[in-house]
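For reference, the structure discussed in these notes is given below.
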Amino acid sequence: MRFFVDTADVAVIADLAATGLLDGVTTNPSLVAKVGRDFKTVVREICEVVPGPVSAEVAATDYDGMVAEGRVLAAIAKNVCVKVPLTWDGLKACRTLTTEGFMVNVTLCFSASQALLAAKAGATFVSPFIGRLDDIGLDGMELVREIRAIYDNYAELTTDILAASIRTVNHVKQAAMIGADVVTVPPAILQALVKHPLTDQGLRQFVADWEKTGQTIL
Ligand code: E4P
Numbered sequence: 016m017r018f019f020v021d022t023a024d025v026a027v028i029a030d031l032a033a034t035g036l037l038d039g040v041t042t043n044p045s046l047v048a049k050v051g052r053d054f055k056t057v058v059r060e061i062c063e064v065v066p067g068p069v070s071a072e073v074a075a076t077d078y079d080g081m082v083a084e085g086r087v088l089a090a091i092a093k094n095v096c097v098k099v100p101l102t103w104d105g106l107k108a109c110r111t112l113t114t115e116g117f118m119v120n121v122t123l124c125f126s127a128s129q130a131l132l133a134a135k136a137g138a139t140f141v142s143p144f145i146g147r148l149d150d151i152g153l154d155g156m157e158l159v160r161e162i163r164a165i166y167d168n169y170a171e172l173t174t175d176i177l178a179a180s181i182r183t184v185n186h187v188k189q190a191a192m193i194g195a196d197v198v199t200v201p202p203a204i205l206q207a208l209v210k211h212p213l214t215d216q217g218l219r220q221f222v223a224d225w226e227k228t229g230q231t232i233l
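In my numbering, the protein residues as written are 16 to 233.
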């Protein structure tokens, strides 16, 4: 499973990239607004730090606008993945941009039938939003399970499932168990994945016992 981080904060991304655990980045207009910096500069900087796919979302909502903006974003760096919404125009733009050789992430996916269309449109990634479905009392993880089952039925559907809108460590585990190809995780959740109280407790004990031996390894 590939790990992407879901943020537009370049310093945070650089820090996480240094772990060697980061396979890519996703951004969206809300995340870009949060950092308050020039969008294209931010995308360029992220692409220099992370060699894997970096999703950059179009602002237009019509086909012509999405294609034009997608081309501009894709020209920033080879690893830009153009992000388009799951609408008819978005699907058409996805087809055009993938035909031109660009990676496309079809975002705001909330149903398995939408995911089927994204795959038919040639999407590189489809992004089911787990947390936002949970927020309205539905089971976001069930959507990932449905998409996995559908894609596995048809060898010609090669779109990767990018589990998005991740809110908990458990979301990451469940997405991995279902077989999502990628998970995009907010930085805080990514850092929380390593945490376990028994690890901390066990390490404290080992350090204390090692000191009693009076030995050094180096
Ligand atoms: C994915 O590409 C989106 O940027 C993101 O996962 C949305 O998450 P949210 O529902 O927490 O805003």
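Ideal Cβ positions, reconstructed from N, Cα and C, are used throughout, including at glycine.
Residue 118 - partner residues in DSSP beta bridges: Residue mapping note: residue 118 aligns to position 103 of the sequence shown, counting from 1. Bridge partners of residue 118: 96.
Three-pair Cβ contact test at 8 Å for the stretch 104-118 versus the stretch 152-170: no
Euclidean distance between Cα positions of residue 96 and residue 204: Counting from 1 along the sequence shown, the entry for residue 96 is found at position 81. Counting from 1 along the sequence shown, the entry for residue 204 is found at position 189. Each residue's alpha carbon lies about 23 Å from the other.
beta-carbon residue 21 near the ligand E4P non-hydrogen atom, thresh 8 Å: The count along the sequence shown starts at 1 and reaches residue 21 at position 6. Yes; taking the cut-off as 8 Å, the Cβ of residue 21 has a heavy atom of the ligand E4P nearer than that.
Beta-ladder partner(s) of residue 40, from DSSP: Translated into the one-based positions of the sequence shown, residue 40 becomes position 25. Beta-bridge pairing links residue 40 to 20 and 69.
Top-ranked residue by Cα proximity to residue 171, from 214, 37 and 133: By 1-based counting over the sequence shown, the position of residue 171 is 156. Answer by Cα proximity: 133.
CA nearest to the CA of residue 192, picked from 49, 163, 175 and 213: Counting from one through the sequence shown, the residue named residue 192 turns up at place 177. When each option's Cα is compared against that of residue 192, the closest is 163.
Host beta strand (DSSP E) of residue 142 (start-end): Residue mapping note: residue 142 aligns to position 127 of the sequence shown, counting from 1. Taken as a continuous stretch (DSSP letters only), the beta strand (DSSP E) holding residue 142 covers 140-143.
Under 9 Å between C-beta atoms of residue 19 and residue 50: Taking the first residue of the sequence shown as 1, we reach residue 19 at position 4. Taking the first residue of the sequence shown as 1, we reach residue 50 at position 35. Result no, Cβ atoms of residue 19 and residue 50 do not sit closer than 9 Å.
Beta-bridge pairing of residue 111 - partner residues as DSSP gives them: Locating residue 111 in the sequence shown gives position 96, where the first residue counts as 1. The partner list for residue 111 (beta bridge, DSSP) is empty, contrary to what the question assumes.
Closer than 8 Å: residue 126 CB and nearest the ligand E4P heavy atom: As a working mapping, residue 126 is identified with position 111 in the sequence shown. No; taking the cut-off as 8 Å, the Cβ of residue 126 has no heavy atom of the ligand E4P nearer than that.
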